[in-house]
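Here is the structure we will look at, set down as structure tokens.
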Amino acid sequence: MTGAILKLLDKFGHERPLPEPLPGDPVPTFRAWFDEAVREKKQDNPNCMYLATCTGDGRPSVRTVLCKAIDPATGGIEFYTNYQSRKAGEIEQVWRAAILFHWDNKDRQVRLEGPVMRVSGEESDAYFRSRRWESRLGAWASDQSRPIASRKELLEKIGRTVDRLGLDALGLLAGRDVEIPRPAHWGGYRLMPERLELWQGGVGRVHDRAVWARDVRVEGSAWSVGAWSGTRLQP
Ligand SMILES: Cc1cc2nc3c(=O)[nH]c(=O)nc-3n(C[C@H](O)[C@H](O)[C@H](O)COP(=O)(O)O)c2cc1C
């Protein structure tokens, strides 16, 4: 290669390249990117992610949800929702989903695909307890993804829920610790990635991309995961 061409290639030098050689396990880098986004908080909801699900006959849909935990050992991703929502219905038809994180200010994205299972009731209880009372009440009152005639009717439904659960409305407003149990129709899922792609944007769209794959098996209510194998991809 001529000196001129080598000089031109300098233009494509990457500020923050993925490690070379690629690490055997992509999860620590993924978690470092996630933690950095959450710590710096340069965008609202840095823990938000796009969750794609699919019906049994192949009709996809996507929506935003919040990532509530990433297991350091396996990369399993936890999110919480209504078990009777559209997304939950689709998950429970195929038990697989895809997730995308995008941190625009970092020019980074992470894509994950894999099987999904419900988290345990204890895990859902623990997370539910940590939510603000408005969100706990909303989880009872909203039949997520179902139609309702008007906003007024929705608010009336919240009012009826306060009555039905015998909650102390003034106590809630005063910030007292009023017990609101988790409804059975609300809880968490965990996606266990069997494919994980790290993407770091680069000059001239010559991005830095690598994907890792592994086997994931569901055995009863437990996961067994194989070793990752990583490959660099063209942008
Ligand atoms: C930033 C953001 C975070 C959200 N987080 C959640 C979440 O963690 N869980 C959830 O059920 N819905 C969340 N939502 C609402 C969903 O995007 C969606 O409207 C809802 O879950 C119903 O989706 P579905 O009808 O496809 O099931 C969030 C929306 C936004 C904009």
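In my numbering, the protein residues as written are 1388 to 1622.
Here a beta-carbon is modelled for each residue, glycine too, at the ideal position from N, C-alpha and C.
Nothing here was measured: the structure is a model prediction, and the numbers come from that model.
- Its Cα nearest to that of Arg1533, the residue Ala1475 stands out among Gly1613, Lys1455, Ala1475.
- In the three-state reduction of the DSSP assignment, Val1414 falls in the helix class.
- Under the three-state reduction of DSSP output, Leu1541 falls in the helix class.
- In chain order, the residues positioned with their C-beta nearer than 7 Å to some heavy atom of ligand 1 are Asn1432, Cys1435, Ser1448, Arg1450, Thr1451, Val1452, Leu1453, Phe1466, Tyr1467, Thr1468, Asn1469, Ser1472, Arg1473, Lys1474, Ala1475, Gln1531, Ser1532.
- DSSP, read as helix, strand or coil, puts Arg1518 in coil.
- Fully contained in the segment 1390-1447 are the following beta strand (DSSP E) runs of length 3 or more, in chain order: 1435-1441.
- Remark: C-beta atoms of Trp1490 and Pro1433 approach each other more closely than 8 Å.
- Residue pairing by DSSP places Gln1587 opposite Arg1495, Asp1595 in a beta bridge.
- Residue burial annotation: Arg1592 is exposed, with fewer than 16 other C-beta atoms found within 10 angstroms of its C-beta.
- The three-state reading of DSSP puts Trp1527 in helix, counting H, G and I together.
- Between Lys1544 and the set Gly1525, Gly1553, Asp1555, the nearest pair of CA atoms involves Gly1525.
- Just measuring C-alpha positions, the residue of Gly1508, Asp1512, Leu1554 sitting nearest Ala1528 is Leu1554.
- Residue pairing by DSSP puts Leu1578 in a beta bridge opposite Ile1464, Val1503.
- A contact between stretches requires three or more CB pairs, one per stretch, nearer than 8 Å, and the segment 1411-1420 meets this requirement with the segment 1486-1503.
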